[in-house]
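Asker:
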Amino acid sequence: MRPTLALAICGVAWIGAAPIAAPQHPPSAAAPTAAEIATAIQEGTAGKVIEASCLASGFNGTQDRSYYGVVVAGPIGRIMAAAKAAADQHVSFQTADVTGKLRAPVLTVSTEAVTPLSVRWRLPLGDGVPDPYSRIVLRSSASKDQHQVSLEPLKPIEAQIAGMSTFSLKAFRALPDAAIEVVLSTSAHPEGGYTCKIGSENRTNLR
C-alpha cells in the first residue's frame, strides 16, 4: 500500500461504509469581535500565527511521487497571518486593513503545488510535479465505532480562487472530534490522489 505523508508517514484506510456527507450549514454569524481582531493583529505583528499545515503526498499520472502543500486557517489565523506578512515587509497593519474576506467566519484551505521553486515547501530530489486536482474535501478520521464524515467546500472548485477553498467553520467544528484528512482528487485518482492529515490538537487550535 502506498503511504501518504502528513507531517509523518501515515496510511489512509476506509473504515466501515462509504463516508457520510456532513450537513452543509451556512457560515456562523459569529465573526471575530473587535477585541479579538485587535489581539490577532497584535499577535500577528509579533510574529505569531495560528494555522495548521501538512504536506499532501500522492502520485501523478506518470506515477511519480509528488506533493501539495496545504495550509488551513480560520478568521483569526488569517488576520494574524496578514499582520505578520505586513510586519515582515515593515508595513503598518491596522483594524481598517482587515477585509471582509479575512474576518469572514469560514475555514480556508490553501494549496500550493510543490515544485523546486517552492519557498515554504521543499521538494525532495527526484520527485515529480503534482497533477491538478478537481475536487477537495475534508474527511474526519473514523474510529471503529464511527463512519467517516466528509465536508464539501461552500463553492464548487471551478467557482473558487485557484488554490483556495472555503468551508463552513460551523460545519467543520461539528465534525467528529478526531484528526482531519485533506483529500485532493485528480482525474487519475478520483478517490483521492493527494492526502494529508491535520492532527486533532492542531485542528482544535484553529479559530
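Positions in the sequence shown are counted from 1; adding 8 to them yields our numbering.
C-beta atoms are modelled at their ideal positions from N, C-alpha and C, and glycine is treated no differently.
Because the structure is a prediction, the values reported are computed rather than measured.
(1) With burial defined as no fewer than 16 other Cβ atoms inside 10 Å of the residue's Cβ, what is the status of Q102: buried or exposed?
(2) Could you check if K205 is buried or exposed, using at least 16 other CB atoms within 10 Å of its CB as the buried criterion?
(3) Kindly identify the DSSP beta-bridge partner or partners of T67.
(4) Please confirm whether L110 and I87 have their CB atoms less than 8 Å apart.
(5) Could you have a look at K205 and say whether DSSP puts it in helix, strand or coil?
(6) Put L183 into one of helix, strand or coil per three-state DSSP.
(7) Report the residue from D185, Q71, P113 whose alpha carbon sits nearest the alpha carbon of G136.
(8) Look at the Cβ atom of T203, then the Cβ atom of V191, and state whether they are nearer than 8 Å.
(9) Provide the residue(s) that pair with S148 in DSSP beta bridges, ordered along the chain.
(10) Does DSSP put L115 in a helix, in a strand, or in coil?
(11) Where do the N-terminal and C-terminal ends of the alpha helix (DSSP H) with Q47 fall, by residue?
(12) Taking only the alpha-carbon atoms, compute the straight-line gap between G82 and T194 and give it to the nearest angstrom.
(13) Let me check understanding here. Comparing Cα to Cα, which of E209, G55, K163 lies closest to A94?
(14) Between I188 and R181, what straight-line distance do the alpha-carbon atoms span, to the nearest angstrom?
(15) Judging by CA-CA distance, which residue of P140, T41, L159 is the nearest neighbour of T116?
(16) Work out the CA separation of T212 and P177 for me, nearest whole Å.
(17) Does DSSP put H155 in a helix, in a strand, or in coil?
(18) Beta carbon of Y76, beta carbon of T119: below 8 Å?
(19) In three-state DSSP terms, what is A121?
Answerer: Result, derived from the coordinates:
(1) exposed
(2) buried
(3) Before going on, a small fix: residue 67 reads as Phe here, not Thr. For F67, which the question treats as bridged, DSSP gives the partners R73.
(4) yes
(5) strand
(6) coil
(7) Q71
(8) yes
(9) I188
(10) strand
(11) Note that residue 47 corresponds to Thr in the displayed sequence, not to Gln. First-last of the alpha helix (DSSP H) with T47: 42 to 53.
(12) 26 Å
(13) G55
(14) 11 Å
(15) L159
(16) Looking at the sequence itself, residue 177 is Leu, so the reference to Pro does not match. Taking the straight line from one Cα to the other gives about 12 Å.
(17) coil
(18) yes
(19) strand
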